[in-house]
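Working notes, beginning with the structure itself.
Next comes the structure, spelled out in structure tokens:
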């Protein structure tokens, strides 16, 4: 039986008596199907596979060891955090060693470029574009300056008279108006509003002499005092001085009167809660200085008095008004080709304005010396304080630099005003006028100023008084077809509002985007057509007609809100605080 068993088993693959063949390799161990054979090549394959497996195991082992070493190093550093303090020193040391190993002739040269709009390059732009500008002189912007036709009489603030008698006064208020012409105008109108609101008697404001404007003019030298008092007689009591029985209490010395030091832009509630009780107690108070001491945001009763004072009560004195009318007539006569229409430009390029801006132009070291001297004379130590940093390039990029006459000319020609356009230039003494005004006169030969329109004899009574000269500029600008403002300030803000009031909101004002202008004028590759396209678009966005409503925290003198005035007139708009 045993032989039969061997015989049966032997028939599967071997002779009787041979041992069983080995089982086939496991697929998991063998890594796939193997080619049968027991020769030398099969043996070599087995050795190579074993070697590869060992190498892979070695790599895995080294990777795991490296990770363990990195984690150990990181853990040690985290436990000793002070080591990180030396990292910058090691970095700097490595960079120094590296740079020291390089020859100087292969170190790259660093080229610095100024930011767009930070450098005054307008003269170079004008020289490059002048030929194309002169060839493009066919457009007439005065004929197309309005997007909408004038319908007339559709917009006007409601300022009606008050017929009710005034109650007994709570006392006298004396204010000192500081600043130039229009800053003083702000003080006057605000004083009228506060006196009316507190039911006080207002003494004609005193004008504070300033070292910059150097104008000793009194109220009656600039404004028609009789008209001022009469126009406000039903709203506010106004006298030229305090009565003797009041002044006796203070030794006839105004400096002995209690003086309020009021913060700028104080609300009307402050005057009611703080100023009024002292007024009733003392019967006479003084507020000095008084410019910008009342917030723009005020109740309708206060806003109405502001508008009434500014647009109705304040009329220029007869000598100023008479000469202004003469200059307006002459300006219209010189604008015959445009049917008597002219544009007015308010240019702020006086020496003090250029000095205060801290901007740099093309005058080099001489300009710097002149501006440093002007700043020290006008604002002793203000610009040389320790720690103060002045960045002229940043100032220019932010649109804070006064436009030069050349830049004004480039802007207006780009906006479509040709060289036959009549321009009235409102300005003080232009800085380096012979040099800076020449390009503007080349672009606009019909340009006029009060000095060219009037004779020396006509200007003589006003020549040494900056506020009176500014009043003449103000009047001629008020009756222009288009008003162009170049710097901001009280003059253009008052004028824009006055023109809106005079013409029922139909008052074209061009207020350029000076940040954008700085970039355009500093572009060395811009062509005339491209520049003109940008400036025409800027002019279109300056179509400020004044029909918009007054926005919050905007000056009532710039936006004489018609709707709130009408509401006040329909209600009890005259409710002063009665005497206590």
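In the working numbering, the protein residues as written are 519 to 1098.
Glycine included, each C-beta is placed from N, C-alpha and C at the ideal position.
No experiment lies behind these values; they were computed from the predicted model shown.
CB of residue i within 8 angstroms of CB of residue j, strictly
i            : j            : result
residue 989  : residue 809  : no
residue 660  : residue 999  : yes
residue 691  : residue 721  : yes
residue 631  : residue 711  : no
residue 962  : residue 995  : no
residue 640  : residue 924  : yes
residue 709  : residue 693  : yes
residue 848  : residue 858  : no
residue 753  : residue 984  : no
residue 786  : residue 715  : yes
residue 1039 : residue 948  : no
residue 927  : residue 958  : yes
residue 767  : residue 684  : no
residue 986  : residue 735  : yes
residue 638  : residue 880  : yes
residue 855  : residue 779  : no
residue 1052 : residue 829  : no
residue 758  : residue 1046 : no
residue 784  : residue 822  : no
residue 775  : residue 802  : yes
residue 876  : residue 920  : no
residue 657  : residue 936  : yes
residue 842  : residue 940  : no
residue 1008 : residue 688  : no
residue 826  : residue 746  : no
residue 993  : residue 737  : no
According to DSSP, residues forming a beta bridge with residue i
i            : result
residue 828  : In the DSSP output, where bridge partners are listed per residue, residue 828 has none listed.
residue 719  : 690, 755
residue 868  : 948
residue 1050 : Residue 1050 pairs with nothing; no bridge assigned.
residue 741  : 834
residue 804  : 692, 777
residue 941  : 861
Coil, strand or helix - residue i by DSSP
i            : result
residue 1078 : coil
residue 966  : strand
residue 700  : helix
residue 724  : strand
residue 1003 : strand
residue 855  : helix
residue 589  : helix
residue 911  : helix
residue 657  : coil
residue 770  : coil
residue 919  : coil
residue 976  : helix
residue 894  : helix
residue 789  : helix
residue 876  : coil
residue 732  : coil
residue 609  : helix
residue 1009 : helix
residue 934  : coil
residue 1065 : Here residue 1065 scores only 46 on pLDDT, less than 50, and its place in the model should not be relied on; the value that follows carries that caveat. Here residue 1065 sits in coil by DSSP.
residue 885  : helix
residue 842  : helix
residue 528  : Residue placement at residue 528 is flagged as unreliable, the pLDDT there being 42, under the threshold of 50; the coordinate-derived value follows with that caveat. In this structure, residue 528 counts as helix in the three-state DSSP scheme.
residue 900  : coil
residue 749  : helix
residue 644  : helix
residue 636  : coil
residue 1058 : helix
residue 927  : helix
Residue i - containing alpha helix (DSSP H), residue span
i            : result
residue 990  : 984 to 996
residue 506  : Residue 506 cannot be examined here, being either before or after the span of the chain that is shown, 519 to 1098.
residue 811  : Residue 811 -> no alpha helix (DSSP H), and no H or E assigned at all.
residue 955  : Residue 955 -> no alpha helix (DSSP H), and no H or E assigned at all.
residue 1021 : Per DSSP, residue 1021 belongs to no alpha helix (DSSP H) and is neither H nor E.
residue 1035 : 1032 to 1039
residue 763  : 762 to 765
Proximity test, residue i beta-carbon vs the ligand MG heavy atom, cut-off 7 angstroms
i            : result
residue 1004 : You won't find the ligand MG in this model; it holds no ligand whatsoever.
Quick check: the stretch 855 to 865 against the stretch 1000 to 1007, are there 3 or more CB pairs under 8 angstroms?
Touching, yes.
Would you call the stretch 1024 to 1035 and the stretch 970 to 977 in contact, with 3 or more CB pairs under 8 angstroms?
The answer is no - the stretch 970 to 977 does not touch the stretch 1024 to 1035, with fewer than three Cβ pairs under 8 angstroms.
Would you call the stretch 887 to 900 and the stretch 1009 to 1023 touching, i.e. three or more CB-CB distances under 8 angstroms?
No, the stretch 887 to 900 is not in contact with the stretch 1009 to 1023.
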